[in-house]
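**Student:** So in my numbering, the last one in the sequence shown is 854, and the numbering has no gaps at all.
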Amino acid sequence: MRILLVGAGGVGDAIAKIAARRDFFELMVVSDYDISRAERTIAWITAKHGDQGGRFLASKIDASDPESVAAVAREHGATHVMNAVEPKFVPTIFAGALAAEANYLDMAMSLSEPHPDNPYSETGVKLGDDQFEQAGDWEQAGRLALVGIGVEPGLSDVFARYAADELFGEIDELGVRDGANLVVRDENGDEIFAPSFSIWTTIEECLNPPVIWEKDKGWFTTPPFSEPEVFVFPDGIGPVECVNVEHEEVLLMPRWVDAKRVTFKYGLGDEFIGVLKTLHKLHLDAVTPIRVRSANGPVEVAPRDVVAAALPDPATIGPKMTGKTCAGVWVTGTGKDGTPREVYLYHVSDNEWTMAEYDSQCVVWQTALNPVIALELLSTGVWSGLGVLGPEAFPASPFLELMKRPITDGGYGQQWGMEDRLA
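1) State whether the segment 615-629 contacts the segment 807-823, with contact taken as three or more CB pairs (one from each stretch) at a distance under 8 Å.
2) With which residues is F664 paired in a DSSP beta bridge?
3) Looking only at its own chain, which residues have a Cβ that is under 6 Å from the Cβ of F825, when we skip the five neighbours before and after it?
4) Roughly how many angstroms separate the alpha carbons of Q846 and H714, rounded to a whole number?
5) Within its chain, find whatever has a CB closer than 8 Å to the CB of I804; leave out the 5 residues flanking it on each side and keep chain order.
6) In the DSSP output, which residue or residues are listed as bridge partners for G766?
7) Return the chain-ordered list of same chain residues with a C-beta closer than 6 Å to the C-beta of R433, the five sequence neighbours on each side being excluded.
8) Taking the alpha carbon of A747 as the reference point, which residue from A501, V795, G728 has its own alpha carbon closest?
9) Of the residues I446, F455, W475, V503, which one's Cα is nearest the Cα of Y464?
10) For the alpha helix (DSSP H) holding Y802, just list the boundary residues, first then last.
11) Give me the Cα-Cα distance between E680 and E597, rounded to the nearest whole angstrom.
12) Should H678 go down as buried or exposed, given a rule of 16 or more other Cβ atoms within 10 Å for buried?
13) Among the candidates L542, E517, A690, V642, whose CA atom is the shortest distance from the CA of W440?
14) If you follow the alpha helix (DSSP H) that V503 is in, where does it begin and where does it stop?
15) Please classify G649 as buried or exposed, where buried requires at least 16 other C-beta atoms within 10 Å of its C-beta.
16) Considering only residues of the same chain and omitting the five flanking positions on each side of V732, which have a CB-CB separation below 8 Å?
17) Who does I644 pair with in a DSSP beta bridge?
18) Counting only the same chain and skipping the five closest in sequence on each side, list residues whose C-beta sits under 8 Å from that of P750.
19) If contacts are defined as beta-carbon pairs under 8 Å, then E823 and A591 qualify, I think. What distance do you get, rounded to the angstrom?
20) Tell me the rounded alpha-carbon separation between V614 and G700.
21) Flag this pair as yes or no: are the beta carbons of P641 and V676 separated by less than 7 Å?
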């Protein structure tokens, strides 16, 4: 396996660092528009793990240009293109990978179009629609596009498939629930506003109308931040208020897992919700460039890009952050024995541990873990397929077994949890 990793930001950096401990691939080309970021990642790997025998190379790439993606992929004979940049670049990287006759993976899918608060399926383009419409092209080319294989979407989708196969006879709801107790402090110890993930992506997810799926209605939307509920997260995180957010799991899970309802709720907190509402009110969430003054004369810039540039880079806040983040799916329904069952399947990432082991903050590290596991399963043939597929299309047990197996026994040593909440 020869991997072209597109993007050496927080998540791409963590993907390379996690992969450096594995031996399933021949080459990983770490690419970025700023080649110094790719070089910095490889320098860390060399310092931590020694000479990799040429397994890691740095390259410059333009993720907005499918021809650039295809050219870099061809130059290095990439068999797999791993997309680790913002979802606005999905169409170009997706096209570039197919043009290079490589397989493709991403952690966030093609974006939806703005739509009003009425049935989602009738009002515009859903998350991932552009990619699924090209499934026939990928099948004809004999290639696989594995979409949504981060943590959310990604690991929760694997959990959903596991619940359907191993735990439940009938599923009432697949409810993705994410929360954290993360705090970021400045040099004086004062708490500061510093999102732990890309603010560009967070704005997109949180200000679009959230999507819900129900078996008798299909996909439909609700107002942003709707249906607040307090969900109790494990491992000391505790109760967190969660609200509806637009997210890929709701678009992926119903395609392969039989359930009556699918939802996604995220623990944002009052402060974060207030900031997002203010950005929207001031039109600072817009992606259409506007003309502004600069020291070098008028320039055109998207307001959302200005917001992202003004906030701390999520890849750099790890040393200032404490706490844990939890991702998982809350499944309700009837167990295999015919009795009511309610289970929360989850994974917790501790910032202190990820910083010590990988010099990566816990949110980006947790996101990066899952595509590396998926790549390993694809390299060994345990997972295989053609076309455009989500994580639910593959057997979950091999993924979770490899994830949990100790590092000394060839695994990743990551304990995932399962709470029976009716017990």
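Note that beta-carbon positions come from the ideal geometry of N, C-alpha and C, so glycine has one too.
**Tutor:** In short, the structure shows the following:
1) no
2) Locating residue 664 in the sequence shown gives position 233, where the first residue counts as 1. The partner list for F664 (beta bridge, DSSP) reads G669.
3) As a position in the sequence shown, residue 825 is number 394, starting the count at 1. So the qualifying residues of the chain are W814.
4) The residue labelled residue 846 in the question sits at position 415 within the sequence shown. The residue labelled residue 714 in the question sits at position 283 within the sequence shown. Going by the C-alpha atoms only, they are around 42 Å apart.
5) For the purposes of this step, residue 804 is identified with residue 373 of the sequence shown, where counting begins at 1. Within the same chain, I804 has close Cβ partners F830, L833, M834, Y843.
6) Here residue 766 refers to the residue found at position 335 of the sequence shown. In the DSSP output, where bridge partners are listed per residue, G766 has F599.
7) On the sequence shown, position 2 is the one that residue 433 refers to. Correct list, in chain order: E457, L458, G508, A509, T510.
8) By 1-based counting over the sequence shown, the position of residue 747 is 316. Here the sequence assigns Thr to residue 747, which means Ala is not the residue at that position. Cα-wise, what sits closest to T747 is V795.
9) The residue you call residue 464 lines up with position 33 of the sequence shown. When only C-alpha atoms are compared, the closest one is V503.
10) If you number the sequence shown from 1, residue 802 lands on position 371. For clarity, residue 802 is Pro in the given sequence; the question names Tyr instead. P802 -> alpha helix (DSSP H) spans 793-811.
11) Numbered from 1 along the sequence shown, position 249 holds the residue referred to as residue 680. Numbered from 1 along the sequence shown, position 166 holds the residue referred to as residue 597. Each residue's alpha carbon lies about 20 Å from the other.
12) To locate residue 678, count along the sequence shown from 1; it is residue 247. Buried, because 16 or more other Cβ atoms sit within 10 Å of the Cβ of H678.
13) Position 9 of the sequence shown, counting from 1, holds the residue named residue 440. Here residue 440 turns out to be Gly, not Trp, going by the sequence shown. Among L542, E517, A690, V642, the Cα nearest to that of G440 belongs to E517.
14) The sequence position of residue 503 within the sequence shown is 72, counting from 1. Its alpha helix (DSSP H) spans residues 497-506.
15) Start at 1 with the first residue of the sequence shown, and residue 649 comes out as number 218. Per the 10 Å Cβ criterion, exposed.
16) In the sequence shown, the residue the question calls residue 732 occupies position 301. So the list reads P720, I721, V723, once near-sequence residues are dropped.
17) Along the sequence shown, read from residue 1 onward, the residue named residue 644 stands at position 213. The displayed chain sequence assigns Trp, not Ile, to residue 644. BP columns for W644 point to W650, V693.
18) If you number the sequence shown from 1, residue 750 lands on position 319. Once the five neighbours on either side are set aside, the close Cβ partners of P750 are M786.
19) For the purposes of this step, residue 823 is taken as residue 392 along the sequence shown, with counting starting at 1. For the purposes of this step, residue 591 is taken as residue 160 along the sequence shown, with counting starting at 1. About 6 Å separates the two Cβ atoms, so the contact holds.
20) To locate residue 614, count along the sequence shown from 1; it is residue 183. To locate residue 700, count along the sequence shown from 1; it is residue 269. Those two C-alpha atoms are separated by around 12 Å.
21) Along the sequence shown, one-based indexing puts residue 641 at 210. Along the sequence shown, one-based indexing puts residue 676 at 245. Yes.
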